[in-house]
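Here the structure comes first, spelled out in C-alpha cells, and everything after it is commentary.
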Amino acid sequence: MNWKIVCPTILVLALLLPLTGSSYAIRISTLFIIYTIAAMGLNIIIGYTGQASLTQGAFYGLGAYVSALLVLNGWSFWSSLVVAVAFVAAVAFLIGLMTLRLKGAYFAIATLLFNVIIYEIVDKWDEVTRGPRGLFGIPSPAIEIGGVSISFSGTQNFYYLMLAVLVIMTVLYWIIIKSPFGSIIVAIRENELLAEYAGVNLTKFKVASFVFSAIFASVAGAFYSAYIGSIFPDITSFVNSFAFLTAVIFGGAGTLAGPFVGTAVVTLINEVFFTLAQYTVLIQGIVFLLAILFMPKGVMGTYYSRKAEKGGELPKRAIMGKL
Amino acid sequence: MLLEVKDLHVAYGSYEVLRGVNLEIDYGEIVSIIGSNGAGKSTLFRTISGFIKPKSGSIRFDGEEIAGKSPEEIVTIGITHCPEGRFLFPDLSVYKNLLLGYFTNRRDKDGFKKRLEYVFEIFPVLRERINQRAGTMSGGEQQMLAIARALMPKPKLLLLDEPSFGLSPKLSWSVFEVLKEIKNDTAVLVSEQNASLSLKVSDRAYVIELGEIRLSGKADEVMANPEVKKAYLGI
C-alpha cells in the first residue's frame, strides 16, 4: 500500500461523503471519527509502550462530563474542551504515577480498578454530575470568524468539524510516534530492563505516554458530548475501555493505521447489531477473542509481517523515529 | 582511582548476598572478577549500576559517592552495564540498538556519529549489519552489538557480565581481545565463570566466593594460585 496515495484518497472521499445526502452515513462516520481518536490514544500506551491500560473509557467519559458540565454552566465549548483535557491529563498523571510501577497484568487490573472508581464517582456524586439522570441539552459548539458565527449544530457541519479535528489529532499522533519520544517508548515495549540499562527513566516515559493516551480520550469524549447532546454515567464505564481495546487489538496494536481499521470494525458491529443493543458487548468480546486467537497482531500487524516476510525488511512494529 | 567499592553489603530480604566487598579499579585497567554461579558477581554489578540499593558500604566513582543513585544517573555519570545473555532489542535494527545505547547523550548529535564510527572501528562486522534485525544475527555478533551498545555513551567504566556466555572459545577470545583496544578510554570490570580467557587479558583479578572477596592481585599471580587453578581453570 502506498500511503501517499491512500491517505489523500480517503480524505477526499471523506470530504465528499455529505454529497450522498445520507444523514445516516454522516452520523456513523462522525461517531467513527470520535471513537478513532480515543483508540489512537489507547494505541500509544498499549501498542507502542506495551502497557495494557484499561482506563481509556473512564478518561473518555470524564472528558465528556467535565466539558459538558462547563458548557451547561455557560462556558464556551472551546474553553471547556481545554479545561476538560487539562483535568483528565492531571487525573491520568496521578493514576499513572500510582499504577505504572506495576507490570503486565497487574497494571491492567489496577487501571481497570480506577475505571470502576471513576464510574462510581460519576454515578453517585449526584450534586455535581446529576448521577444516573445524566446531563441533557448540551449545546453544540460554534466559532466566530470576523463577526460571522458558524454553528456546528447540523449533522453535516459537525461532521466537517470532526474531520478537521481528526486530521489535527492524527498529525499529533504521528508526531508522537515518529519523534524521539516514540523511539524510547518502543524501546520500553521491546525490552524494559535493557531500556533501563541504557539509562531510560521508565516511570517518566510510561507516565508521559499514559497522559498522552488520556488526552486523546478526553478530546474524543468532549466532542462526543457536544455531538450527542446528552450523556449518562455509562459513558465512563469499562465497557467503553473494552470497546477501544477491541478496536486497537483487532486493528493491530503498535501500527499507525491499526486504530482506524479496528474502530471501523467496532463501529460497524455497533450499527449492524443495533437492534440487539444488549448483545453488542458480547459480540465485541467474540471479535476480541477471535482476534487474539487467530490474529494476535491484528489486521495491520498481520499485513506488515506478511510483507516483511516476503521482502526481508524490518517488521513495521519495530520501526521508529529518530532519537 | 576510578572506582572504589568499600565494605559493600547487599541483602535480598534477610539473606546477605554481598558481605563486605572491597574492590578497586584504576583508569585504563581491565579487572576480572571470578566466581562460580551465585557467588554474587551479578549482584555486585547490579548494585554498582543502581538497580539494587546497598544495605551499607560506599561506592565512589571518580571521587564521587554513587551508592543508591538511580540507573539513569549512573549511566549519565559514566558507568554502563552490559548484562549477561546478549541483552538486545531483538526486533530493532542494529542501528536503532546503538541509537538507544546513546540515549543519555541524545542531545549531542555530532557526538553520536563519532561514537558510531568508534564502535564500527572496533566491531567492523556491525557496519555491514547496520540495517539488519539484531535478533537475526549470530551469537557472536549479538554479543558484539551488546558490548557496542554499552560503549555508545562513551563510558569511563564498562561492567561486562559473562561476555563468553554461550559463545565458542574462539569467539569468546575475539570478544576479550577487543577489551584491550578499548581499555585506554574505558576501564573494564569483567565477570566470568570461564576464568582462563578473561585472566589472559586482565591486569588484575578478584576471586569472589559466597559474597566475599577471597583473593585479589595481579592477573598472572591469581592465575598461578593453586586453588584458583583447581577451582576455576580446570587444570
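Chain order of the listed sequences is U and E. Under my numbering, think of the first position of the first sequence as 869, with each following residue one higher. Under my numbering, think of the first position of the second sequence as 77, with each following residue one higher. The beta-carbon is built from N, C-alpha and C at its ideal position, and this holds for glycine as well.
Can the beta-carbon of residue 291 of chain E be found closer than 8 Å to that of residue 106 of chain E? no
Contact test: residue 1125 of chain U Cβ vs the ligand GDP heavy atom, cutoff 7 Å: Summarising the ligand content, the structure contains no ligands, and the ligand GDP is consequently not present.
Look up residue 280 of chain E in the DSSP assignment and give the residues it is bridged to. E/107 and E/294
Straight-line gap, residue 910 of chain U to residue 1070 of chain U (C-alpha atoms, nearest Å): 19 Å
Three CB pairs or more closer than 8 Å across the segment 1025-1040 of chain U and the segment 901-909 of chain U: yes
With C-beta atoms as the reference, is residue 286 of chain E less than 8 Å away from residue 115 of chain E? yes
Tell me the rounded alpha-carbon separation between residue 1107 of chain U and residue 139 of chain E. The straight-line gap from Cα to Cα measures roughly 57 Å.
C-alpha distance - residue 1176 of chain U paired with residue 1010 of chain U, whole-angstrom precision: Whole-angstrom Cα-Cα distance: 47 Å.
Contact list for residue 1060 of chain U against chain E, beta-carbon separation under 8 Å: Neighbours of residue 1060 of chain U on chain E: none; closest Cβ ~11 Å, over 8 Å.
Name the two residues that bound the continuous beta strand (DSSP E) containing residue 83 of chain E. 79-88
Answer with buried or exposed for residue 88 of chain E, where buried requires no fewer than 16 other C-beta atoms within 10 angstroms of its C-beta. exposed
Roughly how many angstroms separate the alpha carbons of residue 888 of chain U and residue 1135 of chain U, rounded to a whole number? 20 Å
Residues bridged to residue 91 of chain E [DSSP beta-bridge criterion]: Note: residue 91 of chain E sits in a beta bridge opposite E/88.
Start and end residues, alpha helix (DSSP H) containing residue 1131 of chain U: 1126-1140
Can you give me the start and stop residues for the beta strand (DSSP E) that residue 1068 of chain U sits inside? It is not in any beta strand (DSSP E) - residue 1068 of chain U carries neither H nor E in the DSSP assignment.
Which same chain residues end up closer than 8 Å to residue 1033 of chain U when comparing Cβ atoms and leaving out the 5 residues on each side of it in sequence? 901, 905, 1087 and 1091
Minimum Cβ-Cβ distance from residue 1069 of chain U to chain E less than 8 Å: yes
Taking C-alpha atoms, which residue in U/1146, U/899, U/919 and U/1068 lies nearest to residue 146 of chain E? U/1068
Which same chain residues, not among the five before or five after residue 198 of chain E, have their C-beta less than 8 Å away from its C-beta? 224, 227, 254, 257 and 258
What do you reckon, are the CB atoms on residue 275 of chain E and residue 299 of chain E nearer than 8 Å? yes
Taking only runs that begin and end inside the segment 1011-1064 of chain U, name each unbroken alpha helix (DSSP H) of 4 or more residues, in chain order. 1023-1046 and 1048-1058
Which residues, taken in chain order from the segment 117-143 of chain E, show a beta carbon closer than 8 Å to some beta carbon of chain U? 125 and 127
Unbroken alpha helix (DSSP H) run spanning residue 206 of chain E, endpoints: Per DSSP, residue 206 of chain E belongs to no alpha helix (DSSP H) and is neither H nor E.
Does the beta carbon of residue 907 of chain U sit closer than 8 Å to a beta carbon anywhere in chain E? no
Span of the alpha helix (DSSP H) around residue 155 of chain E: Element bounds for residue 155 of chain E: not the alpha helix (DSSP H) but the beta strand (DSSP E), 155-158.
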